[in-house]
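Colleague:
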Amino acid sequence: MDSSVRDQLESEVVYDRHVATYKWLASKFDLHTNTAKRYLKEFTNEQEADGSNVIGHSVITGIQNKIYRVILTARQSVSEAKNDLTTVTGVHAFSAQPSNLEDCIDRLTEAATSDFKLSVCPIYCEAAQRTRGTRKGLNGISTVAERKAVSPAKPPSRAQDSKPVPMKSEPVKTEKDKPTPTSKGSAKSKPKQNNLAAAFGKARTGAASASSKSTPPAEKKDAGDSKVTPK
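UniProt numbering numbers the first residue of the sequence shown as 1 and each following residue consecutively.
(1) Report yes or no: do three or more beta-carbon pairs, one from the segment 61-75 and one from the segment 15-29, lie closer than 8 Å?
(2) Just to confirm, is the Cβ distance from S95 to T21 under 8 Å?
(3) Note down the Cα distance separating T86 from V78, rounded to an integer number of angstroms.
(4) So what does A74 bridge to, in DSSP terms?
(5) Give a yes or no on whether the C-beta atoms belonging to V59 and V13 are separated by under 8 Å.
(6) Tell me the rounded alpha-carbon separation between G62 and I123.
(7) Measure the beta-carbon distance from G56 to A93 and round it to whole angstroms, keeping in mind my assumption that it falls under 8 Å.
(8) Checking 8 Å against the spacing of the C-beta atoms, do Q47 and K28 come in under that value?
(9) Using a threshold of 8 Å, state whether the C-beta atoms of T39 and V91 are closer than that.
(10) So the alpha helix (DSSP H) S27 belongs to, where does it begin and stop?
(11) Please name the residue, chosen from M1, L108, C104 and A127, that lies closest to T44 on a Cα-to-Cα basis.
(12) So D84 packs on Q64, CB below 8 Å; how close in whole Å?
(13) Can you tell me whether R6 is helix, strand or coil according to DSSP?
(14) Using the three-state DSSP reduction, which class does S189 fall into: helix, strand or coil?
(15) Kindly identify the DSSP beta-bridge partner or partners of G90.
(16) From the DSSP secondary-structure annotation, give me the bridge partner or partners of S95.
(17) What do you get for A111, buried or exposed, if any count of 16 or more other CB atoms within 10 angstroms of its CB means buried?
(18) Could you tell me the distance, in whole angstroms, from the CA atom of R107 to the CA atom of T113?
As structure tokens, then:
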């Protein structure tokens, strides 16, 4: 194992008390996964020999009751896990970590059950506060007139806000321009009266001429004799 890898694992696990997995080690030093697993196994054996509080975990794969299983367990329990499997296909080093790590389940349950106090200021709306105050005031009013007096004014409707479109004005016909039925009748009756008067006039002139033509010859002679003076 390289000294740089050993120093990095020691600072990460022993001093910083973090969990170092083979994936993290392979990505940190650009190693193959099998090489990273071998380095973790060597580091765990050295720390256990020195009596430090470092413990390693291993991944065991095998078949149990015709089912393929993957078991993650500590290095001390590897033999027990193998006994549970009918066929063992592989044992690989997974991680190295401090042996006395605090169980995180207590912190998770405490975080889930504790009350969080947000430091963000609450949202305040003046319009909502005003309407809330008016509603509270309306609850204590009994008469309809008092409710109308206290209730806030409603905004104008859209129909009132919109101005009517100006239309083209057409000339209005007054009653004076329209001909009345009486005037029409009188206008038609006037030419009838003139025609009747002319007819009566013609009849009179015709009768006079007829009477003058129908005088007897004796009367004419008398008239002629009366006109002749004696010699």
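Note that CB positions come from ideal geometry on N, CA and C, so glycine has one too.
Modeller: According to the structure shown:
(1) no
(2) yes
(3) 14 Å
(4) H57
(5) no
(6) 58 Å
(7) 6 Å
(8) no
(9) Before going on, a small fix: residue 39 reads as Tyr here, not Thr. Not closer than 8 Å, so no.
(10) Y22 to F29
(11) M1
(12) 6 Å
(13) helix
(14) At S189 the pLDDT is 49, less than 50, meaning the model places this residue with poor confidence; the figure from the coordinates comes in the next sentence. Of the three classes helix, strand and coil, the one that applies to S189 here is helix, per DSSP.
(15) T61
(16) T21 and H57
(17) exposed
(18) 10 Å
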